[in-house]
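Below: one structure, written as structure tokens.
There are 2 protein chains.
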Amino acid sequence: MLETTRWIIAAKGLRALKVRDVAEAADCSIGSVYNEFGDFDGLILTVNRETVQALTERLAAVSTDDPIRQLHGLAAAYLGFATEHANLLRSLFEHRMEDDRPFPEDILRMVMQAFALMHAPLLHLMPDHDETEVALLSRMLFSAVHGIISLGLEERMVAVPPDSLRQQLAQFVDTHLAGLGIIPVQRAVPRKA
Amino acid sequence: MLETTRWIIAAKGLRALKVRDVAEAADCSIGSVYNEFGDFDGLILTVNRETVQALTERLAAVSTDDPIRQLHGLAAAYLGFATEHANLLRSLFEHRMEDDRPFPEDILRMVMQAFALMHAPLLHLMPDHDETEVALLSRMLFSAVHGIISLGLEERMVAVPPDSLRQQLAQFVDTHLAGLGIIPVQRAVPRKA
DNA sequence: TATCCGTGTTGAACATTGTTCAAATAACCG
DNA sequence: CGGTTATTTGAACAATGTTCAACACGGATA
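Each protein sequence line maps, in turn, to chains A and H.
Count along the first sequence from 1, add 15, and you get the number used in the numbering used here.
Count along the second sequence from 1, add 15, and you get the number used in the numbering used here.
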């Protein structure tokens with residue numbers, strides 16, 4: 016049942032998800048879906064929970080040997096996940112609850128936790144800085160990476176080629192680390208000159 | 016009629032928009048809405064068009080005296096617009112067409128145009144660089160700013176206080192410019208030490 | 001004025017889809 | 001097997017995007 020839902024969202028987008036389709040594919044009645052998930056939001060949120068879980072696992076699997084490499088790895092891992100599961104990630108970030116019900120606390124926590132994964136390596140690289148300051152910085156950096164990727168993959172908006180995107184992301188991380196004084200500023204070779 | 020639609024989206028979010036509400040508020044029949052806009056998507060897209068137009072105007076109004084100040088101004092202007100019109104901006108970026116109809120070309124162009132506004136000042140600051148390279152860089156920078164702002168304002172995800180967000184954005188731009196070698200790297204004073 | 005024709009408006013009716021709930025079915029127990 | 005509880009069912013309901021035949025109005029014409 017969950018698999019079916021996830022498959023539909025992943026393949027055809029959140030908007031294509033219908034309770035009746037899920038029920039039919041799972042070979043059960045409409046009511047059973049409601050018994051299991053409460054309502055439509057519950058169905059979606061369950062899939063979203065799994066998505067953020069999978070994302071976190073993927074990000075957590077990045078090697079922690081070298082902080083700088085880890086930051087690059089996190090960005091690359093996020094890009095990989097976003098590329099492979101674009102619709103699932105969109106469902107996580109774009110879905111709005113019916114009426115004005117509050118967003119589930121636990122999903123929120125999980126997303127924040129995932130976005131905090133840059134904190135540890137950054138703290139290693141900036142040992143003299145205030146921890147809360149680094150926390151803010153890491154969340155901001157991850158938000159920036161998220162923005163670059165989610166807009167870059169938006170096929171409706173002249174998507175950036177995946178390989179170019181990978182390259183851009185690496186450059187972005189490097190440039191920012193240089194700006195923080197962690198690695199030396201490397202001027203790109205001007206082709207024009 | 017358009018005003019009503021815009022008002023509903025701005026006040027209660029895209030999901031709260033109903034054809035019947037628009038018709039009633041505009042004191043006309045449901046059919047008239049369809050005569051005017053074709054379908055539901057048409058209604059939304061018309062508002063989105065206005066939104067990206069307003070955004071572009073606001074961004075274009077930023078002073079072009081000093082390139083660095085201009086970049087800060089663009090980020091700040093985007094933040095201001097996003098703060099004042101959060102739901103309208105969300106409607107622009109999160110709305111998906113029915114079925115799989117293609118996203119309107121003109122809106123796409125306008126968004127790209129808005130996101131390209133960092134190109135000119137960046138080109139001034141990097142006169143020796145390849146223009147297409149700077150174009151990619153400017154789009155990436157703007158995407159990053161977009162990510163920081165849109166996630167930062169997401170009230171469901173522990174929104175960052177607006178003032179703190181403004182400060183973070185400025186720091187982000189400065190750090191990135193420093194990383195590009197345009198302004199000197201300024202190490203923040205470590206509070207811990 | 002009466003008639004006709006093009007144009008724009010209407011809202012009842014329809015299709016889709018999330019939701020409910022009383023009845024049917026199944027499962028368990030003594 | 002009878003009784004009790006739990007689970008499943010799907011017809012019916014409500015909300016909402018969409019259609020379209022009927023209607024209303026305005027101007028041209030006789």
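Note that CB positions come from ideal geometry on N, CA and C, so glycine has one too.
Proximal chain A residues relative to residue i, where beta-carbon distance stays under 8 angstroms
{"i": "H:Q68", "result": "Residues of chain A passing the Cβ test: none, with the nearest at roughly 17 angstroms."}
{"i": "H:V126", "result": "M172"}
Close-in-space but distant-in-sequence residues of the same chain around residue i (CB under 6 angstroms, 5 per side omitted)
{"i": "H:P136", "result": "P82, Q85 and L86"}
{"i": "A:T147", "result": "none"}
{"i": "H:T79", "result": "Q85"}
Chain-order list of residues whose beta-carbon lies under 8 angstroms from that of residue i (same chain, five-residue window excluded)
{"i": "A:V48", "result": "M16, V34, V37, A38, A41 and L58"}
{"i": "A:K207", "result": "Unreliable placement is indicated for A:K207, whose pLDDT of 47 sits below 50; no coordinate value is reported for it."}
{"i": "H:I45", "result": "V34, R35 and A38"}
Contact with chain A by residue i, beta-carbon distance below 7 angstroms
{"i": "H:E109", "result": "yes"}
{"i": "H:M16", "result": "no"}
{"i": "H:L138", "result": "no"}
{"i": "H:T98", "result": "no"}
{"i": "H:T190", "result": "yes"}
Contacts that residue i makes with chain H (C-beta to C-beta distance below 8 angstroms)
{"i": "A:F52", "result": "What A:F52 touches in chain H: nothing, since even the nearest Cβ is about 19 angstroms away."}
{"i": "A:L89", "result": "Within chain H, no residue comes near A:L89; the closest Cβ sits about 15 angstroms away, beyond 8 angstroms."}
7 angstroms CB neighbourhood of residue i in its chain, flanking five on each side removed
{"i": "H:P177", "result": "T98"}
{"i": "A:R73", "result": "A92 and F96"}
{"i": "H:M133", "result": "L86, L89, S153, L156 and F157"}
{"i": "H:F187", "result": "I163"}
{"i": "A:N63", "result": "S106, L107, H110 and I122"}
{"i": "H:W25", "result": "Residue 25 of chain H is actually Ala in this sequence, not Trp. Correct list, in chain order: H100, N102 and L103."}
{"i": "H:T71", "result": "M125, Q128 and A129"}
{"i": "H:V77", "result": "Q85, G88, L89 and A92"}
{"i": "A:G167", "result": "A174, V175 and L180"}
Interface partners of residue i on chain A, CB under 7 angstroms
{"i": "H:F118", "result": "R171"}
{"i": "H:G196", "result": "V200 and R202"}
{"i": "H:G167", "result": "S158"}
{"i": "H:L151", "result": "Q183"}
Closer than 7 angstroms to chain H by CB, residue i
{"i": "A:H161", "result": "yes"}
{"i": "A:M133", "result": "no"}
{"i": "A:T20", "result": "no"}
{"i": "A:A193", "result": "yes"}
{"i": "A:T61", "result": "no"}
{"i": "A:A76", "result": "no"}
Per-residue contacts from residue i into chain H (C-beta, under 9 angstroms)
{"i": "A:L123", "result": "R171, M172 and V173"}
Heavy atom of the ligand COA within 6 angstroms of residue i beta-carbon
{"i": "H:E39", "result": "Questions concerning the ligand COA fall outside what the structure shown contains, since it holds no ligand whatsoever."}
Closer than 7 angstroms, Cβ to Cβ, to anything on chain H: give me those residues from the segment 171-188 of chain A, in chain order. R171, M172, V173, Q183 and F187
Evaluate contact between the segment 65-84 of chain A and the segment 123-134 of chain A, counting only Cβ atoms and requiring at least three cross-stretch pairs below 8 angstroms. Because the criterion of three Cβ pairs below 8 angstroms is met, the segment 65-84 of chain A and the segment 123-134 of chain A touch.
Against chain H: residues of the segment 22-53 of chain A by CB proximity under 7 angstroms: G28 and R30
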